[in-house]
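Below: one structure, written as structure tokens.
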Amino acid sequence: DTAVSQTPKYLVTQMGNDKSIKCEQNLGHDTMYWYKQDSKKFLKIMFSYNNKELIINETVPNRFSPKSPDKAHLNLHINSLELGDSAVYFCASSPSGDTNYGYTFGSGTRLTVV
Amino acid sequence: QKEVEQDPGPLSVPEGAIVSLNCTYSNSAFQYFMWYRQYSRKGPELLMYTYSSGNKEDGRFTAQVDKSSKYISLFIRDSQPSDSATYLCAMTHTNAGKSTFGDGTTLTVKP
Numbered sequence: 005d006t007a008v009s010q011t012p013k014y015l016v017t018q019m020g021n022d023k024s025i026k027c028e029q030n031l032g033h034d035t036m037y038w039y040k041q042d043s044k045k046f047l048k049i050m051f052s053y054n055n056k057e058l059i060i061n062e063t064v065p066n067r068f069s070p071k072s073p074d075k076a077h078l079n080l081h082i083n084s085l086e087l088g089d090s091a092v093y094f095c096a097s098s099p100s101g102d103t104n105y106g107y108t109f110g111s112g113t114r115l116t117v118v
Numbered sequence: 330q331k332e333v334e335q336d337p338g339p340l341s342v343p344e345g346a347i348v349s350l351n352c353t354y355s356n357s358a359f360q361y362f363m364w365y366r367q368y369s370r371k372g373p374e375l376l377m378y379t380y381s382s383g384n385k386e387d388g389r390f391t392a393q394v395d396k397s398s399k400y401i402s403l404f405i406r407d408s409q410p411s412d413s414a415t416y417l418c419a420m421t422h423t424n425a426g427k428s429t430f431g432d433g434t435t436l437t438v439k440p
């Protein structure tokens, strides 16, 4: 039973399109995150939600809009996709916003914008 | 300058070798230090975490933190081909709400 699951795994789309990525965790964690990993493997936080409340909103273009309908789900909607949005997007979770002992990551969504 | 710098690699070693993976950091507030392993086309998986300075051992893996030098290491003893992956260091401090990652070091262990 997958702890943090993301869909879809792969997404190929044209510039200008709008797409969504969904994430669900069954660990009972209160906090969920979106991270972006570029081609050089660098992981950068985008957003975090604690029990449906937005906690961290890094300097991300406002074309990216997260939504957390409940503490087990976190979705990411991207408008007007650009070539530079191509990356792997990871969802992660941790207990109560406490990142001191690490995250549990999903397997990622590989987004390619053509 | 990045807050966390990781030895870039890639690193290629023969099976059975001892591997040393290293990160330095600039933010003296970091107190919690983690190592993740990421296989190709998979998500990062937490290997170990340590608090403050000292060593922590888990099987063939040893994490070492030297806060005075702002330097952390992960040692892998008797490396196996199954250890071939990208290793990411990460660190955080109380109430940070997020971890800061290094760029990763890709390790290949050859049979």
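As you go down the protein sequences, you meet chains A and B in turn. Take 5 as the starting number for the first sequence in my numbering and just add one per residue. Take 330 as the starting number for the second sequence in my numbering and just add one per residue. C-beta atoms are modelled at their ideal positions from N, C-alpha and C, and glycine is treated no differently. The model shown is predicted, which means the values in this text are computed figures rather than measured ones.
Using the Cα positions of V117(A) and I82(A), report the straight-line distance between them to the nearest angstrom. Locating residue 117(A) in the first sequence gives position 113, where the first residue counts as 1. Locating residue 82(A) in the first sequence gives position 78, where the first residue counts as 1. C-alpha separation (whole angstroms): 12 angstroms.
Please state the DSSP three-state secondary structure of P343(B). Start at 1 with the first residue of the second sequence, and residue 343(B) comes out as number 14. If DSSP states are grouped into helix, strand and coil, P343(B) belongs with the strands.
From what residue to what residue does the beta strand (DSSP E) around A414(B) run? Position 85 of the second sequence, counted from the start, is the residue given in the question as residue 414(B). Counting along the chain, the beta strand (DSSP E) containing A414(B) begins and ends at A414 to T421.
Could you round the C-beta distance between A91(A) and K44(A) to whole angstroms and report it? I think they count as a contact, below 8 angstroms. To locate residue 91(A), count along the first sequence from 1; it is residue 87. To locate residue 44(A), count along the first sequence from 1; it is residue 40. Actually they do not touch by this definition, with Cβ atoms about 10 angstroms apart.
Alpha carbon to alpha carbon, how far is S355(B) from E332(B)? What you label residue 355(B) is simply residue 26 of the second sequence in a count that begins at 1. What you label residue 332(B) is simply residue 3 of the second sequence in a count that begins at 1. In a straight line, the C-alpha of S355(B) is about 5 angstroms away from that of E332(B).
May I ask you to report which of helix, strand or coil DSSP gives T353(B)? Here residue 353(B) refers to the residue found at position 24 of the second sequence. Here T353(B) sits in strand by DSSP.
Considering only the alpha carbon of each residue, which of C27(A), K23(A), P12(A) and L15(A) lies closest to P4(A)? Any property of residue 4(A) remains undetermined from this structure, which presents chain A solely from 5 to 118.
Mind checking A414(B): buried by the 16 CB within 10 Å criterion, or exposed? Translated into positions along the second sequence, residue 414(B) becomes position 85. By the 10 Å Cβ count, A414(B) comes out buried.
Looking at the secondary structure, which residues open and close the beta strand (DSSP E) in which G426(B) lies? Counted from its first residue, the second sequence places residue 426(B) at position 97. That residue, G426(B), is in no beta strand (DSSP E); it is neither H nor E in DSSP.
Distance between S398(B) and Y93(A) (C-alpha atoms, nearest Å): Start at 1 with the first residue of the first sequence, and residue 93(A) comes out as number 89. Start at 1 with the first residue of the second sequence, and residue 398(B) comes out as number 69. For Y93(A) and S398(B), the distance between alpha carbons rounds to 33 angstroms.
Compare the Cα-Cα distances from Y378(B) to each of S369(B), Y361(B) and R370(B) and report the closest residue. Translated into the one-based positions of the second sequence, residue 378(B) becomes position 49. It is Y361(B).
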